[in-house]
Every structure is written in C-alpha cells, then in structure tokens.
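Trainee: Residue numbers 956 to 1350, in the working numbering, belong to the letters of the sequence shown in order.
Glycine is no exception: its CB is placed at the ideal position from the N, C-alpha and C atoms.
The structure under discussion is supplied below as structure tokens; questions concerning it will follow.
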Amino acid sequence: MKTLTCVVIGGGYAGIHAVKEIQKTMKNGVNAPRLRLILIDKNSYHTRKVLLFKPAAGNEDITIPFSSMFPVGVEFVQANVIGIDTQSQRLVYQIAKGDKEHTLEYDLLVLGIGSVVRQPEAAQGGIALTGLAEAKGIKAAWRSNLQAAVRESNLKEKQRLMSIAVAGAGISGIETAAELAHHVREDARQLGLDPKAVAIRLFNAGERLFPDGPAKVGTKLEAALHSYGITVVHGSKVLRENEGMLTLSSGEVEPIGLCIWTLGLLPNPMLRTVGVPVTADGYVVVDESYRVKGAKGVYSIGDCAQIQDAGSGRLDGKTCKEATAQAARLAKVIAADLAGRPAPVHKSFMDFYCFGLGPDRGMAWTRQWGIDMVFTGKLGWKMRKYSWDMASLLK
C-alpha cells in the first residue's frame, strides 16, 4: 500500500488539532492508508495565542515545543511556506527568509495558517499585544512606569505613570485588562505604592461589552471588571498615544502611562500570495467539507478559512473552540474522501463563550434550548481554564 504524505501548515490551534485528529483517525480506521504526517511552522513551538496577556502581566510561559506535543508519528519542519503549486501538488518553503527554496510533494495538504493580530499604524503609538516579544515589552513598560512613580514627587505625573489604557474591548481586551488589574496592583503594593492609585481603563468603541451574546452577559462582565477596579469607557475609540498623552475619538486628550492595543484578528496576509483562492477579505475559499476550491487534496480550517454552515448560512467564529471542532470533522472528511465515501459537512458550533477575569476568576455563557446560562466565579474560571487547556492539547 502506498504511503501518502499529509502536510499540515501551521502549528496554531487549528493545525495542532488537525494533526492529532488525522493521526488518530488514520490509525484507527479500517483499511486506512499508511500516512506520513508532516507539520510545518515558522517556530519550533506552539504558542497559546489566546493567553498572550499572561506574559504581558506575569511570568507564565505560554509556549509548548512541538517535540513534546507530538513525540511520535509526526515529522516537523521549521520553515516558512512561500508557495503552493496545487496542480503538481508541491509546496515551496524556506528555512529562513532569503535562504534557498526547498520543495515538498504532498498528497494531502491542510492549511491551518491562522490569523494575525490587527496592528495600529506606527504613528498611533502604544504597544499592540501581537506576540510574545510585544507581551514582554508591555510588562517591561508598566514595571518601569511603577518604578518611576516611586521616585516621582509630582502627584499628577505619578498618577499618569500609574495609568494604563487598553484600546479594544473584545475578549482579548477584557482578559488583558483583568489580568493587569491583579498583577500591576500587586507590584505597586510591593513597591510601596497605593494599589488603588493604579488606573486601568478599557476603551470600547461599541455601546456594550460582548455584542455576540445577550446584553445581560455584557452587563455582568462590566460589573465584574468594575469590582476589580477597571473603568470601561463605551462609545470611545483611542486614536493615538503620543508622549504620554492619549487622544480619543471624542477629541479629548488625557494623560496616560501606557497604551495597549487589542484590536482583533485579520487573516494571515501570506494567504494572498501563497497560491490558493481567497475571498475579498483574504480568507481561503472552501466548500462545506473544508476542501479548498479547485485544489485537489487541499483543505483549510481555522481562522484562515471562511467556513459557513450550508444549512443556516451562518459563518463560523474565529476562536479556538471552532478550530477544535472543525479539526475533528476534517479528519473524518479526509478519511471519507480517501475511501470514496460521502463526507461530513460543516455544522456550526454551539453558542459558548468563556472569559478569564484574572487569576482564578472567570465567566462563561452558553445558550441551550433557548435558555441563557451564565457561570461565574470559580466555576467560570474552571470552564475558561479547561477551554484554554483543551485548545492546546493539555490534559
């Protein structure tokens, strides 16, 4: 029996779950073909991207080496894919930018390249929470500000140094503000500063938090944040930060010690140049079974694909929970395609959202049978932690 080469591009949530599910399905499948499974990523580790606020506030390591995640049965190539020839079923990659090009033939290819964090223009100042280096830069910035505040005698300047703006009130912004509220105040206390003098403001361009769910959940989130000393500012966008001054869409200018941008996600720009069809917004075009249009043996899931429920017309979300469910279905689709059987089709994930609200605090919401269920406190935290751990294949 011929050994098939299956390549998964991207070691984010969609990619690692695709590897796990394909490996399991092919191992347990009746008359399943032998499979050479290869994971390609620019890094040697998986980054728990939804936890980027952790190294911005504390010291938690949010990386997992692929070698420990997949100790057997998976080959790993640390490289950047720069092109896919879907006709000859061959991809082109470079070990480092500017290096010579290498080629790899595939029988099956899964694009799980994911997304990138939206960044402000350089002139807008502040620090965008886009990666590990930026997260560490944020932590260094607020710690430096606190140390300067210890030495500062001018009360207005001291207050400016102890103030933080989080621009963008999606899940990332909410979780970042909550985590900082704990760690910044704890560091302030240890430095002899008044923890209550730490001012954290979360700027929301909309009129309420969590527009994807019921208003009462947004209200509960805001109440929780308020109890942790966080001020939520609705209907206000941060335009820029420059030399310690924050300019808002209202025209107001306020002093600020640090501005952190959490502006949401965009499809990976490499998708436009790699050789697969994309939408006007830059998402990979797939059918109801995740097959890439016009590309034999190529599939795509996760943030980089536009995935729609054929029955309801609903577009799937761009969080790790959707990627996990898609990967499990993808493995069944591939097995069915190889066997010449009808393949499963995409079904939307149920309404379910979790929020981390600082150490050991969280909130979760789901809607079942038309009933809204909200979980708070320790139970909300356990549900959030479980979702984080499951997404990164941690038991």
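1) Rounding to the nearest angstrom, what Cα-Cα distance links Glu1076 and Gly1013 in this structure?
2) Specify, as a first and last residue, the run of the beta strand (DSSP E) that Thr960 falls within.
3) What is the rounded straight-line gap between the Cα of Leu1348 and the Cα of Arg1003?
4) DSSP state of Trp1097, grouped into three classes?
5) Where are the alpha helix (DSSP H) runs, 4 residues long or more, that stay fully inside the region 1098 to 1122, in chain order?
6) Is the separation between the beta-carbon of Ala1291 and that of Ala1298 shorter than 8 Å?
7) With contact counted as at least three CB pairs below 8 Å, one residue from each stretch, are the region 1142 to 1162 and the region 1313 to 1328 in contact?
8) Span of the beta strand (DSSP E) holding Leu992?
9) Across the region 1151 to 1158 and the region 1109 to 1128, are there enough close Cβ pairs to call them in contact, namely three or more that are closer than 8 Å?
10) DSSP beta-bridge partners for Val1288?
11) Using the rule of at least 16 other Cβ atoms within 10 Å of the residue's Cβ for burial, across every protein chain shown, is Lys1171 buried or exposed?
12) From which residue to which residue does the beta strand (DSSP E) around Val1354 run?
13) Have a look at Arg1045 and Leu1101 and give me their C-alpha separation to the nearest angstrom.
14) What do you reckon, are the CB atoms on Asp1258 and Ser1070 nearer than 8 Å?
15) Considering only DSSP beta bridges, list what Trp1320 is partnered with.
16) So Ser1108 packs on Ala1154, CB below 8 Å; how close in whole Å?
17) Please list the terminal residues of the continuous beta strand (DSSP E) segment that includes Ile1017.
18) Please confirm whether Tyr1183 and Ala1120 have their CB atoms less than 8 Å apart.
19) Rounded to whole angstroms, what is the Cα-Cα separation between Lys1287 and Arg1140?
20) Specify, as a first and last residue, the run of the alpha helix (DSSP H) that Gln1263 falls within.
21) Which residue's Cα is closest to the Cα of Leu1213: His1181, Ala1096, Pro1010 and Asp996?
22) Given 8 Å as the limit, is there contact between the region 1024 to 1033 and the region 990 to 999, that is, 3 or more CB pairs closer than that?
23) Looking at the structure shown, is Thr1041 part of a helix, part of a strand, or coil, going by DSSP?
24) Got a sec? Which residues, its chain only, sit under 8 Å from Ala1090 by beta carbon, not counting five neighbours each side?
25) Cutting at 8 Å between CB atoms, please list the residues of its own chain near Arg1163, excluding the five before and the five after it.
26) How is Thr1058 classed by DSSP in three states: helix, strand or coil?
27) Tell whether a beta-carbon distance below 8 Å holds between Ile964 and Gly1067.
28) Counting only the same chain and skipping the five closest in sequence on each side, list residues whose C-beta sits under 8 Å from that of Leu1285.
29) DSSP on His1301, reduced to helix/strand/coil?
30) If you measure between the beta carbons of Ala1133 and Leu1087, is that distance less than 8 Å?
31) Compute the distance between the beta-carbons of Ala1319 and Thr1041, then report whether it is under 8 Å.
32) Beta-carbon within less than 7 Å of Phe1310's beta-carbon, same chain only, minus the 5 sequence neighbours each way: which residues are those?
33) Assuming Leu959 and Asp1062 make a contact with CB atoms under 8 Å, what is their CB distance in whole Å?
34) What three-state label does DSSP hand Gly983 in the structure shown?
Mentor: Quick look at the numbers:
1) Cα-Cα distance, rounded: 27 Å.
2) Its beta strand (DSSP E) spans residues Thr958 to Ile964.
3) For the pair Leu1348 and Arg1003, the Cα-to-Cα distance works out to about 10 Å.
4) Residue state, collapsed to three classes: helix.
5) Whole alpha helix (DSSP H) segments, 4+ residues: 1110 to 1116.
6) In this structure, Ala1298 lies closer than 8 Å to Ala1291 by Cβ.
7) Output reads no: the region 1313 to 1328 does not touch the region 1142 to 1162.
8) Note, Leu992: beta strand (DSSP E), Arg989 to Asp996.
9) With the cut-off at 8 Å, the region 1151 to 1158 and the region 1109 to 1128 touch.
10) Val1288 is not bridged by DSSP to any residue.
11) Exposed, by the Cβ-count rule.
12) Outside the modelled stretch of the chain, which goes from 956 to 1350, sits residue 1354, for which no answer is possible.
13) Straight-line Cα distance between these residues: approximately 53 Å.
14) Taking a C-beta distance under 8 Å as the contact criterion, Asp1258 and Ser1070 qualify as a contact pair.
15) In the DSSP output, where bridge partners are listed per residue, Trp1320 has Tyr1308 and Val1329.
16) In fact, because the Cβ distance is near 19 Å, the residues do not count as touching under 8 Å.
17) For Ile1017, there is no enclosing beta strand (DSSP E), as DSSP gives it neither H nor E.
18) No, Cβ-Cβ distance for Tyr1183 and Ala1120 is not below 8 Å.
19) In a straight line, the C-alpha of Lys1287 is about 49 Å away from that of Arg1140.
20) In this chain, Gln1263 is not harboured by any alpha helix (DSSP H), its DSSP state being neither H nor E.
21) Of the candidates His1181, Ala1096, Pro1010 and Asp996, the one whose C-alpha sits nearest the C-alpha of Leu1213 is Ala1096.
22) Enough Cβ pairs lie closer than 8 Å, so yes.
23) Correct three-state label for Thr1041: coil.
24) Cβ within range, chain order: Leu1007, Phe1008, Lys1009, Pro1010, Ala1011 and Leu1084.
25) Excluding sequence neighbours, Arg1163 sits near Ala1170, Gly1173, Thr1174, Glu1177 and His1189.
26) Strand at Thr1058.
27) Gly1067 sits close to Ile964, with the two beta carbons spaced by under 8 Å.
28) Taking C-beta separations shorter than 8 Å and ignoring five residues to either side along the sequence, the partners of Leu1285 in its chain run Ala973, Glu976, Ile977, Val1065, Tyr1245, Tyr1254 and Ile1256, following chain order.
29) If DSSP states are grouped into helix, strand and coil, His1301 belongs with coil.
30) At the C-beta level, Ala1133 and Leu1087 stay beyond 8 Å of one another.
31) No, they are not a contact pair.
32) Listed in chain order, the non-local C-beta contacts of Phe1310 below 7 Å within the same chain comprise Ile1126, Ile1129, Glu1130, Leu1176, Gly1317, Met1318 and Arg1339, local neighbours out to five positions each way being set aside.
33) That pair is a contact at about 4 Å.
34) It is Asn, not Gly, that sits at residue 983 in the sequence shown. Here Asn983 sits in helix by DSSP.
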